[in-house]
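This report refers to the structure that appears directly beneath it.
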Amino acid sequence: MSRYRDGLRVATNIFEAAAWHYTLKPVCGTCGHHALFDPHGLWWLFERKRWDDRLTLAAKRFRCIPCLEKRGQRVRRASLYLVKDAPTTLLPLPDEREWKRALSRFRS
20 MSRYRDGLRV
30 ATNIFEAAAW
40 HYTLKPVCGT
50 CGHHALFDPH
60 GLWWLFERKR
70 WDDRLTLAAK
80 RFRCIPCLEK
90 RGQRVRRASL
100 YLVKDAPTTL
110 LPLPDEREWK
120 RALSRFRS
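Each residue of the sequence shown is one higher than the one before, counting from 20 in our numbering.
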């Protein structure tokens, strides 16, 4: 369920971010590296893998590639932010029928 802050709705999961056209920006807590993910493709990935798409739990799924290459260790301390910028990383999108079915469930 969404929550509200100062009269504005704040997404609590990836699907809400996609429905409201927010881009997800995970930021590495170690080196500060970030990427901008298209929320529709990210939601579809979480849906297919049956992962929980709450933002607090989704942040644990991201790993920093530059930290992995430099230090040889997987860093999972990512913070997720919702922004309105254009995405830089595109994942496979759901087909239109699947997206509209999910959107219909969300609106009802």
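In this text, a Cβ means the ideal position worked out from N, Cα and C, and glycines have one as well.
How far does the alpha helix (DSSP H) with Cys-50 in it extend, from its first residue to its last? Counting along the chain, Cys-50 falls outside any alpha helix (DSSP H), and DSSP gives it neither H nor E.
When we look at the beta-carbon of Ile-84 and count the other beta-carbons within 10 Å, is it buried (16 or more) or exposed? Around the CB of Ile-84, fewer than 16 other CB atoms lie within 10 Å, so the residue is classed as exposed.
Using the three-state DSSP reduction, which class does Leu-61 fall into: helix, strand or coil? Helix at Leu-61.
Would you say the beta carbon of Asp-71 is closer than 8 Å to some non-hydrogen atom of the ligand NAD? The model on display carries no ligand, and the ligand NAD is accordingly not part of it.
Quick check on this structure: which residue in Glu-66, Ala-78, Leu-99 has the alpha carbon closest to the alpha carbon of Arg-120? The residue with the shortest Cα to Cα distance from Arg-120 is Glu-66.
From the DSSP output, which residues share a beta bridge with Lys-44? DSSP output for Lys-44 lists Tyr-100 as bridge partner(s).
Can you check which of these residues, Pro-45, Phe-34, Asp-25, Gly-26, is closest to Ser-102 by C-alpha distance? Note on identity: in this sequence residue 102 is Val, with Ser being the wrong assignment. The shortest Cα separation from Val-102 among Pro-45, Phe-34, Asp-25, Gly-26 belongs to Pro-45.
Helix, strand or coil at Leu-27 according to DSSP, with G and I counted as helix: The answer is strand: DSSP assigns Leu-27 an E or B state.
Nearest-angstrom Cα separation, counted from Gly-91 out to Ser-123: So the two alpha carbons sit approximately 44 Å from each other.
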